[in-house]
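A quick write-up on the structure given underneath.
Structure, rendered in structure tokens:
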């Protein structure tokens, strides 16, 4: 199915879940409170059948702006794809977890939590995955400043050679 | 030919030719000298076998192996003799290396356990002939003695695993204990069948029987099966691939010897190669005619009259038995550098559901065979 | 009187679970991975992978360097398949910028990517043998991999991290006689695979250890995001080179290898291993065809942009890496540096499934499953 | 020579037996027990019972002791030492019990009509042993075998109880 057809199909099954798609954007914004229902629909509906969550990435537009998360969904038998985006608050933002719908979201959501600080509600095991448990801050935020010390070890900040 | 009792009654180490009235210190001195001889034999065996193993593995793996360290100015180049001094260098390194003992271990057992393993291998050597008459004490219960003493080594392995206070070591120890106890049964049953035919537990009697009749390998189809079971169980007893589960380096890091280093670690290797030699010696003696030459045995089998030059005799005997031992050690190395490793349950399956039933059936069939043809 | 519950458990030997830390220093975790394993005797009841020991914030680095400068970093992610990584990155940026690539460059890239795929699979196959206690196979696969690295060294001067595939082109043209050298290698290498089959693939002990072990059913594999040989071994015919042909893969004739459960169940460790062995044969076919079709000459720098400044926008691009689908999600704000890069690494998802398939088996089987998943910590931790 | 050997063996048995009883660490006690068993095997040899001695080593050291250590290792957590707790009243009671037992045994030993005479080496103990086991003591031998088989089956049944 083409992008517009997918949008139409979802609008028909769950009206109002998607914000109106921008012209030629290739992605669609979801109302955060509808996300769990939409995710279920995208995976279960035989015409959509997005069985594979290929990519789940957190994003930051810059300071003072809300964060957003992009879900790249693919269907392996119908061979179509969809990018779904959801906004989350910068401070204490939270999104419904889809770890029980696409199990691969488990680690990806933990990674987004680790690097952006977005909490995923209903995730079975929400904790840091790449960084140490007691690390402060979420490094991929644009306004992140690395701490000077981690457990008494100075954090190297000399950027010569790679910047 | 001394009985095992003389072994203890005439001296701490069975020295039958020392008169009963001999001065105790003299007996002790001879005993120590003989012990040193066994120790030298074990050390030499380990050094040669380690070198051999490295070269065998290297040639099997399309590489050259050690080729840098020479001995007395001899380098050997890119041939088999290359790096001939490597094991000597390694031995020196191991002896002078720091001996670390984990803080939370049981230090007394940690120190003691390797020597128990070593002691078991050492004591087994006392009873095994390495040529006609070349034995420290040829007991009348030789086979039983060697199997009994070898089974003590497993306690050492369990204690190393426990004393290291390391979960990997403990797993290695538990696997080892289960494995060695299981494989002792088919090992013993295969020997039992030979003992049954010969009617003696003495190594010399077994070889004499084979000299008179034929090697046990070709005695009957059942003894051939027994030979296979015995050798495979022996490989399992000495923890070599494909039964090297106690020390499987890709699973348990190094199993029961994970925490050991330096000299104590060298002791493990000394014992491992000594055990390989013991199993090979027993296989050679019990199933392949020991020090009998294949030439002579074949000629005798074909009915060529006595008096021919059979390549037999004390000196040729040492050559033949050592050749057989070298062959079996090579086969063990060949296994190791070819096969993957079994899993614990498959290992147990092999012992309890394949080897032991076959061995038991074997005893029955050999009995029938002896009644019919014997 | 005992209660019904007590009666039911009467005489049952209760055992205490032991927590075992496999790694970060362990011979078979293929890097600094820690598996926290709960064991009951030798039986594993739960595996909890702890990753991040090699985390170096690749994605944050990318935001601070220009698009061209990212290439050395992606090379270091999956260090066993550097060519593939930089290939995917270059294609993603090119697609974002809308650059057309000369024919010859495409062919050179495909040759490199497929040779690298062979090298990566050789590593996986050998290491799997090593994990199961067979020490010799890895020396053979390493020997053959060295010859591929020799070819790469001939091309790029480096043996591990090549920095060869650039955005819009490749660093240099092929050196003289490269085609002949590659043909020689392929002719020599093809019979070697038969030797691996004899030594390892159809070895009785190897089959005993891997057949029916750690079975990954197809639906579970898709749901957990497994891709590449791991997914194909479960019987799913899914290869991005075929499903969404990128570069020039639609011009080649090759088979997508799918696990058939030849010695056990579809999707067991043996199938995962076997898919890689068979894929090497397919790679040889592709490289042969690419060498035949390679345009004799042409500038390899024709499309290299002076300044890499993609227009504002985002792209999610994925391609078939030796380990699975490698995806890049790039957000561009029009500056020479990427605004945000997300790398969806295949081994990350493949590893996450380990608790699902290795639970309930023995410690030795965890090693086998881990070996069959073929992980590289460099791209898991990024 | 004989006296020296006997004294060494007897000392080994007594000392290791003492450690077996007093060692608070179960694994250490098991190791000490190994010494005792070895010493007893040596004493058997001294009584011209070499087959019995070897069997003692095979079964008690190679089998039963391994299982004891195995059991101790299985039932305790790694890192925690197995310590047998003892307190003063226990010591008093056990001391009394040991004393009574010692006096009793010593009395029996003193009054028993011991055969005093030269020990004669028996040639081919194994053969004699085998013959008598399969002729004169056949019934005992078989009954013991059946008993062991039954206990084996019982152990297997108990171990497999988990699923039923």
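Chains as they are written, first to last, in my numbering: chain A, 1 to 163; chain B, 1 to 374; chain C, 1 to 382; chain D, 1 to 164. Every residue gets a Cβ at the ideal spot worked out from N, C-alpha and C, and that includes glycine.
Item, Value
"What are the uninterrupted segments assigned as alpha helix (DSSP H) that are 4 or more residues long and contained completely in the segment 31-80 of chain A, given in chain order?", "35-44"
"Assess contact between the segment 114-129 of chain C and the segment 280-290 of chain C, defined as three or more Cβ pairs (one per stretch) separated by less than 8 angstroms. Is contact present?", "yes"
"Of all the CB atoms in chain C, is at least one closer than 7 angstroms to the CB of residue 130 of chain A?", "yes"
"Please state whether the Cβ-Cβ distance between residue 20 of chain D and residue 10 of chain D is less than 7 angstroms.", "no"
"By a C-beta neighbour count over all protein chains shown, 10 Å radius and 16 as the cutoff for buried, is residue 121 of chain C buried or exposed?", "buried"
"Would you check if the distance between the CB atom of residue 350 of chain C and the CB atom of residue 226 of chain C is smaller than 7 angstroms?", "yes"
"Considering only the beta carbon of each residue, do residue 165 of chain C and residue 303 of chain C sit closer than 7 angstroms?", "no"
"Which of the three DSSP states is assigned to residue 340 of chain B in this structure?", "coil"
"What three-state label does DSSP hand residue 325 of chain C in the structure shown?", "strand"
"On the DSSP letters alone, give me the boundaries of the beta strand (DSSP E) that residue 39 of chain C sits inside.", "34-40"
"I need the DSSP call for residue 368 of chain C, collapsed to helix, strand or coil.", "helix"
"Am I right that residue 246 of chain C and residue 91 of chain C are in contact with their C-beta atoms under 8 angstroms? What's the rounded C-beta distance?", "6 angstroms"
"Consult DSSP for residue 14 of chain B and reduce its assignment to one of helix, strand or coil.", "At residue 14 of chain B the pLDDT is 42, less than 50, meaning the model places this residue with poor confidence; the figure from the coordinates comes in the next sentence. Coil, per DSSP."
"Identify whether residue 103 of chain B lies in helix, strand or coil by the three-state DSSP scheme.", "coil"
"Answer yes or no: does any C-beta atom of chain C fall closer than 7 angstroms to that of residue 11 of chain B?", "Note on residue 11 of chain B: pLDDT 42, under 50, position unreliable in the model; no value is reported."
"Can you find a C-beta in chain C that's less than 7 angstroms from the C-beta of residue 131 of chain B?", "no"
"Taking only beta-carbon positions, decide if residue 51 of chain D is within less than 7 angstroms of chain B.", "yes"
"Report, in whole angstroms, the separation of the C-beta atoms of residue 93 of chain C and residue 67 of chain C, which I expect to be a contact under 8 angstroms.", "5 angstroms"
"CA-CA distance, residue 87 of chain B and residue 118 of chain B?", "19 angstroms"
"Just to confirm, are residue 133 of chain A and residue 146 of chain A a CB contact at a threshold of 7 angstroms?", "no"
"Can you check which of these residues, C:313, C:29, C:363, is closest to residue 25 of chain A by C-alpha distance?", "C:313"
"Kindly give me the distance between the Cβ atoms of residue 130 of chain A and residue 148 of chain A, rounded to whole angstroms, as I take these residues to be in contact under 8 angstroms.", "No, residue 130 of chain A and residue 148 of chain A are not in contact; Cβ-Cβ is about 21 angstroms, not under 8 angstroms."
"Which one of A:106, A:140, A:135 has the shortest CA to CA distance from residue 205 of chain A?", "Residue 205 of chain A is absent from the structure shown; chain A starts at 1 and stops at 163."
"So for residue 31 of chain C, helix, strand or coil by DSSP?", "coil"
"Tell me which same chain residues have a C-beta within less than 7 angstroms of the C-beta of residue 170 of chain C, skipping the five on either side of it?", "105, 108, 109, 164, 300"
"Of the residues B:340, B:347, B:73, B:81, which one's Cα is nearest the Cα of residue 233 of chain B?", "B:347"
"Considering just the uninterrupted stretch of the alpha helix (DSSP H) at residue 174 of chain B, what are its terminal residues?", "167-198"
"Buried or exposed, going by whether 16 or more other CB atoms sit within 10 Å of the CB of residue 322 of chain C?", "buried"
"Have a look at A:150, A:43, A:67, A:29 and flag the residue whose alpha-carbon is nearest the alpha-carbon of residue 143 of chain A.", "A:67"
"Does the beta-carbon distance from residue 320 of chain B to residue 293 of chain B come in below 7 angstroms?", "yes"
"What would DSSP say about residue 342 of chain C, mapped onto helix, strand or coil?", "strand"
"When burial is assigned at 16 or more other CB atoms within 10 Å of the CB, is residue 364 of chain B buried or exposed?", "exposed"
"Please report whether the beta-carbon of residue 188 of chain C lies at a distance below 7 angstroms from any beta-carbon of chain A.", "no"
"If we count the other Cβ atoms within 10 Å of its Cβ and call it buried at 16 or more, is residue 75 of chain C buried or exposed?", "buried"
"Just the Cα atoms here: how many angstroms apart are residue 337 of chain B and residue 49 of chain B?", "14 angstroms"
"Which residues, taken in chain order from the segment 247-264 of chain B, show a beta carbon closer than 7 angstroms to some beta carbon of chain C?", "248, 249, 250, 251, 253"
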